[in-house]
Amino acid sequence: MDVDKVNAVEPAMSMVVEKIQIRRAIEAEGIPYTYIACNCTNGSFLHNLIQLEPAGLTAPPRDKINILGEGHVTAVFNDEVDIGTYTIKAVDDPRTLNKILYIKPPGNTFSFNELGAMWEKLIGKTLEKIYIPEEQILTDIE
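Note that my numbering has the sequence shown beginning at 122, numbered continuously upward.
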């Protein structure tokens, strides 16, 4: 996530503000940097298809799936090993000095609806889809 381009709500916004402050301090001191913006990691988000309920779910659902919003917004999902590989390569690449490296392979970009459809195809079963409207998500966060 590029903290300079994110539009978040609390409590996430507090974390974003802290990261922005750290970036500005690094830049003000003239410390060479390369920021890595890698979006979603497979290990954090795909192991349960981003199911927030029930808490602690460790595998993708097999009967119903909660879809945030209408499910059309896309996100980039990167494997942690790939993020590490790109990061190590960036260290030795002068083109990345004092820049933001966005790790966004086109083949890693999916909407929630696409993720659900891929999972349904893999398990050979159609899941009940529960669409959670944005207003409800924001209320739940508060």
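Glycine included, each C-beta is placed from N, C-alpha and C at the ideal position.
Only residues of its own chain outside the window of five on either side were considered, and among them Asn160, Cys161, Lys225, Asn229, Thr230 have a CB closer than 7 Å to the CB of Val197, listed in chain order. When C-alpha distances from Glu235 are compared across Val194, Gln172, Asp123, the shortest belongs to Val194. Between Lys140 and Val124 a beta carbon distance of about 4 Å is seen, short of the 8 Å cut, so the two are scored as contacting. Your pair Gly237 and Lys250 checks out as a contact, with CB atoms roughly 7 Å apart and the cut at 8 Å.
Beta-carbon to beta-carbon, Gly192 and Ser232 are separated by about 6 Å, close enough to satisfy the 8 Å threshold.
DSSP places Glu249 in the uninterrupted beta strand (DSSP E) bounded by 249 to 253. Measuring C-alpha to C-alpha distances from Tyr252 to each of Trp240, Val202, Pro227, Gln172 identifies Gln172 as the nearest.
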